[in-house]
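Undergrad: Residue numbers (my numbering): 614 to 857. Structure in structure tokens, see below.
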Ligand code: ZN
């Protein structure tokens, strides 16, 4: 089975469109979405529609999805994130807001692997480095877990040898070793933060146990222009050009 793993699309239609074109050309069987469809970017409704049309086999909600649909109030958001979340809420219709409200809370177990937005322990927790990963390996039960939220493509491996951390793994592949355990971040489609501004996503082939990260060029200037036109904070457009 070939899974398409998408996370942190953040209302970036230009990035989402190019990622889906790229993924279709490679081929996939099932789609998994790790949350944050919306927030930051200027085309939330269109991005939700694109994802719904894929009929994902599993999704979890992200912290931005929760604020936009009113599950949480964004009290821990910075001012730009909160501005964008409230703007997104104001432009989405009832059907789109209901879709966000219906996204399941993570973690979720599908086909033998786990998916979450933050970590398999807490949907809003950031899993940033080896210490965080070790804590999660110690407390949660899984062999393979995909997570998002940090917008950093990376992998953590815990096997017989010393723990391994692979950060900034975009545009490469990882063959899973039987008996080892993994935490995998596919990177962010709509707002990469690893100083590579190209859109990022992953695929997982459960037959040959291979994960691949893919980087895709897209029209960042158009995404930025849309953010400016919408009256959203300019920093949200400028950061797309830099990939931060
Ligand atoms: Zn995010």
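For glycine and all other residues, C-beta sits at the position ideal for the given N, C-alpha and C.
Taking just the CA atoms, how far does residue 807 sit from residue 857?
TA: As a position in the chain shown, residue 857 is number 244, starting the count at 1. As a position in the chain shown, residue 807 is number 194, starting the count at 1. Roughly 6 Å between the two C-alpha positions.
Undergrad: Distance, Cα to Cα, residue 816 vs residue 687?
TA: In the chain shown, the residue the question calls residue 816 occupies position 203. In the chain shown, the residue the question calls residue 687 occupies position 74. So the alpha carbons of these two residues sit roughly 31 Å apart.
Undergrad: Mind pulling the beta strand (DSSP E) runs of 3 or more residues that sit fully within the stretch 778 to 803?
TA: If we require 3 residues or more, the beta strand (DSSP E) runs fully inside the stretch 778 to 803 come out as 786 to 788, 794 to 798.
Undergrad: From the DSSP output, in three-state form, read off residue 635 for me.
TA: Numbered from 1 along the chain shown, position 22 holds the residue referred to as residue 635. Three-state result, residue 635: helix.
Undergrad: Compare the Cα-Cα distances from residue 814 to each of 798, 778, 714 and report the closest residue.
TA: Mapped onto the chain shown, residue 814 falls at position 201. Of the listed residues, the one whose Cα sits closest to residue 814 is 798.
Undergrad: List, from N- to C-terminal side, the alpha helix (DSSP H) runs of 4 residues or more that fit wholly inside the stretch 640 to 678.
TA: Listed in chain order, the complete alpha helix (DSSP H) runs (minimum 4 residues) inside the stretch 640 to 678 are 657 to 667.
Undergrad: With DSSP run on the structure shown, which of helix, strand or coil describes residue 865?
TA: There is no way to answer for residue 865, as the model of the chain reaches only from 614 to 857.
Undergrad: What are the residues that DSSP puts in a beta bridge with residue 689?
TA: Locating residue 689 in the chain shown gives position 76, where the first residue counts as 1. For residue 689, which the question treats as bridged, DSSP gives no partner whatsoever.
Undergrad: Leaving aside the five residues before and after residue 636 along the sequence, list all residues of the same chain whose C-beta is less than 6 Å from its C-beta, in chain order.
TA: Looking up residue 636 in the chain shown gives position 23. Closer than 6 Å at Cβ, skipping near neighbours: 617.
Undergrad: Roughly how far, in whole angstroms, is the beta-carbon of residue 691 from the beta-carbon of residue 660, given that I think they are within contact range, below 8 Å?
TA: Position 78 of the chain shown, counting from 1, holds the residue named residue 691. Position 47 of the chain shown, counting from 1, holds the residue named residue 660. Contact doesn't hold; Cβ gap of about 21 Å is too wide.
Undergrad: State yes or no: is the C-beta of residue 683 nearer than 7 Å to some heavy atom of the ligand ZN?
TA: As a first step, residue 683 must be located in the chain shown, where it is residue number 70. Result no, Cβ not under 7 Å from the ligand ZN.
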